[in-house]
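Protein chains in written order, with numbering that gives the first Met the number 0: chain L, 0 to 351; chain H, 0 to 294; chain E, 0 to 350.
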Amino acid sequence: MSGPADRPLLQVRDLKVHFRTGSRGPFRRQTFVHAVDGVSFDVPRGTTFGIVGESGSGKSTTALAIMRLAPITGGTIDLAGARLSEAEGNDLLALRRKAQIIFQDPYSSLSPRMRAGAIVREPLDLMEIGDPEGRDGRVADLFGKVGLRAEQQALFPHQFSGGQRQRIGVARALASQPDLIVCDEPVSALDVAIQAQILNLLRALQREFRLTYLFISHDLAVVQYICDEIAVMYLGEIVEQADRISLFKRPLHPYTWALLSAVPSAASKRRGRRRVSLEGDPPSPIDLPPGCRFAGRCPFAEDICRTEAPARREIFPKHWVSCHRVGDDGVPPHEMYPLANGPGGPGGPARP
Amino acid sequence: MADRPAGAEIPVATAESPAREAWRMFLRNRSAILGLVLLAAIILVSLFGPPLYGVDPFKIRGAPFTPPGVDPNVPLGTDHVGRDILAGMIGGGRATLAVGASAALMTVAIGLLVGAMAGYYGGLVDEILMRITEFFQVLPSLILAMVLVALFTPSLYMIAIAIGVASWQSTARLARAEFLRLKELEYVKAGRTIGATDRRLIWVVILPNALPPLIVSATLIVGVAILFEAGLSFLGLGDPNIMSWGLMIGSSREYIFDSWWSATFPGAAIFLSVLSVSLIGDGLNDALNPKLRER
Amino acid sequence: MPAADASSALLEVRNLQVDFRTRNGIAHVLDGIEFSLSKGEILGIVGESGCGKSMTALAIMGLVPTPPGRIAGGEIVYRGENLLKASKERMRRIRGNRISMIFQEPMTALNPVFTVGDQIAESIVLHQGLSRRAALDRAVELLREVHIPAPERRIGEFPHQLSGGMRQRIMIAIALACEPDILIADEPTTALDVTVQAQVFDLLLELQQDRDMAIVLITHDMGVIAEMTGRVLVMYAGRIIEAAAVDDLLENPQHPYTSGLIACVPQLSDEPEAEREALMEIPGVVPPLTELGVGCAFEPRCGFRMPVCVQSRPSPVAVGAGHSAACWLMEDADRQGADRQGADRRDGDRP
């Protein structure tokens with residue numbers, strides 16, 4: 000089934016997810032939310048690809064679309080050489096074995112009326128993995144792999160702490176021996192002291208099983224730590240994409256730059272770095288402005304930004320950015336105009 | 000100590016299922032226990048009373064209008080044709096309870112099916128099913144049930160079906176709301192990613208989590224159905240060949256000022272039955288509601 | 000930021016005890032909380048969920064839910080007055096007037112059926128006795144102060160018409176309506192996006208400087224602590240286990256829990272290293288408060304436990320100027336911070 004060795008495990012091309020909003024009815028105007036609007040990326044086997052963004056950026060919808068949990072409006076998703084975006088029935092079931100998901104909220108991701116062991120066993124039964132007699136052993140084995148004890152299979156989810164519940168979620172995702180695991184904000188609902196436990200577990204499992212992760216997060220520090228390559232999303236589009244070293248060392252897109260500077264940290268305080276304050280909130284993905292979607296909040300926006308959508312350019316090898324103001328020589332606007340963080344226009348577009 | 004795994008602090012002995020925990024909470028509730036005991040007593044009397052007492056409730060056993068405590072043969076007196084009130088009390092419970100239970104079952108069956116489909120599939124399915132529900136909701140349910148019973152031969156089955164058809168709407172709305180909420184939860188999405196079919200997601204994954212409020216409403220519907228049955232019988236739309244409490248009240252309504260006992264005793268029986276299921280319903284509500292359980 | 004000076008203390012909390020009755024027995028939710036707050040200071044309180052940081056805020060506000068809660072002892076002295084002895088009426092006047100609070104979830108803290116103007120004006124009418132007209136004018140002024148664009152239009156809007164960041168600004172405006180001395184901010188930006196969080200923090204800093212207002216900032220995020228606060232209390236299982244000036248705390252944490260809390264979170268850096276080591280972990284979870292023994296509450300998770308840690312609970316010990324920690328290691332001068340940090344790195348993924 001798997002393609003050539005050099006082929007990325009996951010290939011996403013021009014993915015679009017548009018939702019219809021507003022209530023149905025003959026007299027109501029139909030509006031569409033452009034939750035994901037033309038997203039493309041590759042994830043090589045055994046690596047971690049991160050998607051960061053704020054609420055409304057479409058990062059979670061991208062994850063759900065890849066899991067076929069959100070309706071795909073356009074574009075393609077290929078997993079290990081098979082067309083995941085169009086698979087149905089048994090083909091889809093076969094592909095689901097190769098792609099699993101870990102959710103954000105460990106309290107709503109496990110059915111409160113099933114025992115932990117049954118939750119982890121369910122995918123084995125439903126996907127008919129291994130012979131039925133061997134499944135008990137496999138479940139016990141999975142519990143061990145995620146740092147739980149086999150006896151804890153008899154417990155119900157409410158009897159576990161948040162971190163332990165997340166471990167059960169990881170075990171369920173591992174059950175079908177997937178190639179790809181989509182991690183949708185897997186640590187953001189956990190206490191800080193527990194986050195490290197889960198992040199270390201994910202890294203250890205990746206090494207052991209050569210797993211590929213698609214890691215969705217709003218936490219830039221976590222993304223920097225765990226991801227090999229990172230895409231920054233804003234209002235349904237990837238505005239910048241690069242490997243972890245380049246992106247954090249020299250962000251090119253003004254949004255990435257502002258986002259990084261907004262993260263409070265002990266290190267940035269020591270260096271006396273001043274936050275770049277973006278005006279306003281991200282506009283809603285319902286009424287999108289023409290041109291660059293960030294233009295309304297961008298301190299460097301010019302006329303062209305408000306009329307023409309910027310093309311995606313590979314400024315440095317494997318470092319893409321969609322911004323009119325980044326020079327062809329790769330100098331971003333915030334380096335050219337260091338004092339431009341003045342009034343950046345009247346905030347975001349007016350809200351209703 | 001230093002090597003304890005992440006899950007070490009929870010002893011396995013506390014592996015109590017949510018259902019058992021709810022049952023334990025239920026048993027702590029005094030009024031719920033009272034309801035349970037009362038209902039059990041009513042059911043036992045209705046089941047085993049008639050063969051033990053051995054009197055046909057339709058048989059004339061004394062002078063009409065015998066007050067209670069006068070004739071030792073008929074301790075609770077007789078009605079306007081001389082039938083034994085006590086025999087009616089014992090024998091009438093079966094029909095009343097059977098109609099109550101089966102009508103409640105009917106109500107939940109229809110309501111759950113409609114509500115689950117509407118909530119789970121949403122969109123056009125939801126739209127159509129909810130319009131139908133609203134159509135039934137605006138019909139006065141007692142009159143609907145009367146019309147249904149009057150159109151067909153009045154038998155116990157028909158009465159149960161009529162009550163079910165006339166009163167499933169609120170259950171459907173409740174089930175729909177629960178399904179709408181639960182289908183968005185991540186464990187349902189997780190179920191889909193491991194290959195669960197719609198059928199499995201509806202009946203195996205979502206339903207058990209949607210049950211608590213439905214169980215509570217079903218219990219309360221038993222009470223409503225008992226009253227419905229009594230009402231239909233009172234209006235002369237009951238099955239005339241089967242004794243029921245409602246029939247007893249209905250047939251003695253013209254003589255209520257001459258013989259208070261012929262309506263009072265079956266009325267009290269209906270009151271106690273409805274009270275007992277209501278108490279049980281309230282107790283279940285408390286026990287099954289996880290927010291109250293925290294206290 | 001100036002260190003606390005006992006003479007200028009605006010608020011002093013002494014040996015505060017709060018108990019909660021639970022199904023499993025009495026939980027000492029707060030156990031001997033002691034700190035002071037000076038005018039214009041930003042005090043951070045950091046810890047995991049359930050450590051008592053929010054309860055400390057509620058106790059100061061006189062909002063401990065009773066029952067099941069109960070103030071079991073101690074004093075909260077605001078400008079020489081013990082708030083725990085104040086009448087309900089007196090407390091209602093102080094709350095929102097002298098001491099205000101903003102919460103994590105601005106949506107649930109605002110009433111959805113009233114306009115934001117009405118909600119701000121209500122607080123002003125209640126506490127300052129202005130007329131409704133004057134109160135609405137004041138509301139517009141407050142919205143301008145928290146940098147809400149077009150405030151005249153905004154006061155006629157309902158909470159659901161506003162974004163999360165905007166709602167939190169409204170909450171801050173309501174909190175500021177009566178020019179309080181103290182603003183308690185309980186995780187005010189946890190529900191917000193990072194760029195919006197930065198805006199709210201800029202606003203809080205500006206208000207603190209313009210009005211010389213003291214802020215108690217409750218958070219779980221060490222980065223927020225680093226950027227925003229002057230002095231920090233680290234809480235664990237209902238107690239303050241370390242207190243220090245922020246730079247001192249970050250550079251030289253003394254309690255193993257504090258150093259764990261700092262080290263277990265990945266730090267954003269603009270020079271990320273190519274090789275990533277496993278994150279330091281604090282194994283296990285916070286124990287249930289009803290099951291604390293006589294020893295140190297952190298002992299089961301601590302990499303440095305000693306026999307004494309199980310036997311009795313350590314009291315805060317001064318380890319430097321304005322720096323104290325409650326740990327038996329502090330009694331033992333031979334141990335130094337350096338070797339402690341190395342030994343605390345433990346692998347939590349054992350089967």
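Note that beta-carbon positions come from the ideal geometry of N, C-alpha and C, so glycine has one too.
- Message: Taking 7 Å as the limit between beta carbons, can you name the residues of its chain near D257/H, skipping five residues before and five after?
- Response: Within the second sequence, residue 257/H is the residue found at index 258, counting from 1. Excluding the 5 residues flanking it on each side, D257/H has same chain C-beta neighbours closer than 7 Å at F64, in chain order.
- Query: Under a Cβ-count criterion, where at least 16 other Cβ atoms within 10 Å of its own Cβ denotes burial, should P139/H be classed as buried or exposed?
  - Reply: For the purposes of this step, residue 139/H is taken as residue 140 along the second sequence, with counting starting at 1. Counting Cβ neighbours within 10 Å, P139/H comes out exposed, since fewer than 16 surround it.
- Task: Please report the Cβ distance between I65/L and V169/L, rounded to the nearest whole angstrom; I am assuming they are in contact, meaning their Cβ atoms lie under 8 Å.
- Result: Taking the first residue of the first sequence as 1, we reach residue 65/L at position 66. Taking the first residue of the first sequence as 1, we reach residue 169/L at position 170. That belief does not hold up - the Cβ atoms of I65/L and V169/L are roughly 18 Å apart, past 8 Å.
- Task: Compute the Euclidean distance between the alpha carbons of F315/L and I229/L, then round it to the nearest angstrom.
- Result: Translated into the one-based positions of the first sequence, residue 315/L becomes position 316. Translated into the one-based positions of the first sequence, residue 229/L becomes position 230. The straight-line gap separating the alpha-carbon atoms of F315/L and I229/L is approximately 15 Å.
- Item | the stretch 165-194 of chain H: positions lying closer than 7 Å to chain L by Cβ | Cβ contacts with chain L: L184, E185, Y186, K188, A189, R191, T192, I193 and G194.
- Are the stretch 272-289 of chain E and the stretch 311-324 of chain E touching by the rule of at least three beta carbon pairs closer than 8 Å? Contact fails: fewer than three Cβ-Cβ distances are below 8 Å.
- How would you call V112/E, buried or exposed, if buried means at least 16 neighbouring beta carbons within 10 angstroms? Along the third sequence, one-based indexing puts residue 112/E at 113. The residue is exposed, with fewer than 16 neighbouring Cβ atoms inside 10 Å.
- Task: Excluding the 5 residues preceding and the 5 following V138/L in the sequence, name in chain order all residues of the same chain whose CB lies nearer than 6 Å to its CB.
- Result: By one-based count along the first sequence, residue 138/L stands at place 139. Excluding the 5 residues flanking it on each side, V138/L has same chain C-beta neighbours closer than 6 Å at G116, V119 and R120, in chain order.
- Pairwise C-alpha distance: E151/E and G162/L: Residue mapping note: residue 162/L aligns to position 163 of the first sequence, counting from 1. Residue mapping note: residue 151/E aligns to position 152 of the third sequence, counting from 1. Cα to Cα, G162/L sits roughly 47 Å from E151/E.
- Using a Cβ-Cβ cut-off of 8 Å, state whether N240/H counts as contacting chain L. As a working note, residue 240/H is residue 241 in the second sequence. Taking CB atoms only, N240/H has no neighbour in chain L less than 8 Å away.
- Query: With contact counted as at least three CB pairs below 8 Å, one residue from each stretch, are the stretch 100-113 of chain H and the stretch 161-179 of chain H in contact?
  - Reply: In short, these stretches touch, since the Cβ pair count reaches three.
- Query: Does the stretch 37-49 of chain E come close enough to the stretch 159-175 of chain E to have 3 or more Cβ pairs within less than 8 Å?
  - Reply: Verdict: no, contact absent.
- Query: When you check each C-beta in the stretch 52-84 of chain L against every C-beta of chain E, which residues fall closer than 8 Å?
  - Reply: Residues E53 and S54.
- Go ahead and label I303/L buried or exposed: buried means 16 or more other beta carbons lie within 10 angstroms of its beta carbon, across all protein chains shown. Residue mapping note: residue 303/L aligns to position 304 of the first sequence, counting from 1. Per the 10 Å Cβ criterion, exposed.
- Given 8 Å as the limit, is there contact between the stretch 157-165 of chain H and the stretch 74-82 of chain L, that is, 3 or more CB pairs closer than that? The answer is no - the stretch 74-82 of chain L does not touch the stretch 157-165 of chain H, with fewer than three Cβ pairs under 8 Å.
- Name the two residues that bound the continuous beta strand (DSSP E) containing L267/E. Start at 1 with the first residue of the third sequence, and residue 267/E comes out as number 268. It is not in any beta strand (DSSP E) - L267/E carries neither H nor E in the DSSP assignment.
- Return the chain-ordered ranges of every alpha helix (DSSP H) run that is complete within the stretch 180-263 of chain L and spans a minimum of 4 residues. List check, alpha helix (DSSP H) in window: 191-208, 219-225, 243-248 and 253-261.
- Message: Suppose the cutoff is 7 Å on Cβ atoms and the five residues either side in sequence are ignored; what does the same chain contact list for T351/E look like?
- Response: An answer regarding residue 351/E cannot be provided, because it is not within the stretch 0 to 350 covered by chain E.
- Message: Which residues of the stretch 109-125 of chain L have a Cβ closer than 7 Å to any Cβ of chain H? Give them in chain order.
- Response: Only L109, S110, P111, R112, E121, P122 and L125 from the stretch 109-125 of chain L bring a Cβ to less than 7 Å from some Cβ of chain H.
- Query: Applying the criterion that 16 or more other CB atoms from any shown protein chain within 10 Å of the CB defines a buried residue, is Q207/E buried or exposed?
  - Reply: What you label residue 207/E is simply residue 208 of the third sequence in a count that begins at 1. Q207/E counts as buried, since at least 16 other C-beta atoms from the protein chains shown sit within 10 angstroms of its C-beta.
- Task: Using the Cα positions of Q194/L and T289/E, report the straight-line distance between them to the nearest angstrom.
- Result: As a working mapping, residue 194/L is identified with position 195 in the first sequence. As a working mapping, residue 289/E is identified with position 290 in the third sequence. So the alpha carbons of these two residues sit roughly 25 Å apart.
- Task: Assign A195/H to one of three DSSP states: helix, strand, or coil.
- Result: On the second sequence, residue 195/H is found 196 positions in, with the first residue counted as 1. Correct three-state label for A195/H: coil.
- Query: What did DSSP end up calling F264/H once you bin it into helix, strand or coil?
  - Reply: Reading the second sequence from its first residue, position 265 is the one you call residue 264/H. DSSP, read as helix, strand or coil, puts F264/H in helix.
- Task: Taking 8 Å as the cut-off, decide whether the C-beta atoms of T55/E and L29/E are in contact.
- Result: Along the third sequence, one-based indexing puts residue 55/E at 56. Along the third sequence, one-based indexing puts residue 29/E at 30. Yes; because the gap between Cβ atoms is below 8 Å, this pair is in contact.
- Query: Can you list, in chain order, the residues of its chain whose CB lies under 6 Å from that of A286/H, leaving out five sequence neighbours each side?
  - Reply: Sequence index remark: in the second sequence, residue 286/H carries index 287 (1-based). So the qualifying residues of the chain are A21, M24 and F25.
- For the stretch 158-169 of chain E, enumerate the residues whose C-beta is nearer than 9 Å to any C-beta of chain L, in chain order. So the list reads Q160, L161, S162, G163, G164 and M165, given in the order they occur along the chain.
- In terms of DSSP beta bridges, what is N81/E paired with? Here residue 81/E refers to the residue found at position 82 of the third sequence. Bridge partners of N81/E: V76/E.
- Message: Just to confirm before moving on: does the CB-CB distance between I162/H and P122/L stay below 8 Å?
- Response: Here residue 162/H is taken as the residue at index 163 of the second sequence, counted from 1. Here residue 122/L is taken as the residue at index 123 of the first sequence, counted from 1. Going by C-beta atoms, I162/H is not nearer than 8 Å to P122/L.
- Taking three-plus beta-carbon pairs below 8 Å as touching, is the stretch 275-284 of chain L in contact with the stretch 238-246 of chain E? The stretch 275-284 of chain L, when compared against the stretch 238-246 of chain E, does not touch it at the 8 Å Cβ threshold.
- Query: What's the call for R93/H, buried or exposed, on a 16-neighbour Cβ count within 10 Å?
  - Reply: One-based indexing of the second sequence puts residue 93/H at position 94. R93/H comes out buried.
- Taking F214/L as the reference, give the member of Y224/L, H333/L and E207/L with the closest Cα. Stepping through the first sequence from its first residue, residue 214/L is reached at position 215. The residue from Y224/L, H333/L and E207/L with its alpha-carbon nearest to that of F214/L is Y224/L.
- Taking only beta carbons into account, state which residues of the stretch 258-271 of chain E come closer than 9 Å to chain L, listed in chain order. Contacts with chain L (Cβ-Cβ distance below 9 Å) from the stretch 258-271 of chain E involve G259, L260, I261, A262, C263, V264, P265, Q266, L267, S268, D269, E270 and P271, listed in chain order.
- Got a sec? Which residues, its chain only, sit under 6 Å from Q152/L by beta carbon, not counting five neighbours each side? Here residue 152/L refers to the residue found at position 153 when the first sequence is read from its first residue. Counting only Cβ-Cβ distances below 6 Å, and skipping sequence neighbours, we find A115 and G116.
- Through-space distance from D201/E to T47/L, alpha-carbon basis: If you number the first sequence from 1, residue 47/L lands on position 48. If you number the third sequence from 1, residue 201/E lands on position 202. It is roughly 34 Å from the alpha-carbon of T47/L to the alpha-carbon of D201/E.
- Item | Inter-residue CB distance, I98/E and I181/E (contact presumed, cutoff 8 Å) | Counted from its first residue, the third sequence places residue 98/E at position 99. Counted from its first residue, the third sequence places residue 181/E at position 182. At roughly 5 Å, the Cβ-Cβ gap stays under 8 Å, so I98/E and I181/E are in contact.
- Task: Round the Cβ separation of S232/H and H79/H to the nearest angstrom and send it over; I've been treating them as touching at under 8 Å.
- Result: Locating residue 232/H in the second sequence gives position 233, where the first residue counts as 1. Locating residue 79/H in the second sequence gives position 80, where the first residue counts as 1. Not a contact, Cβ separation roughly 16 Å.
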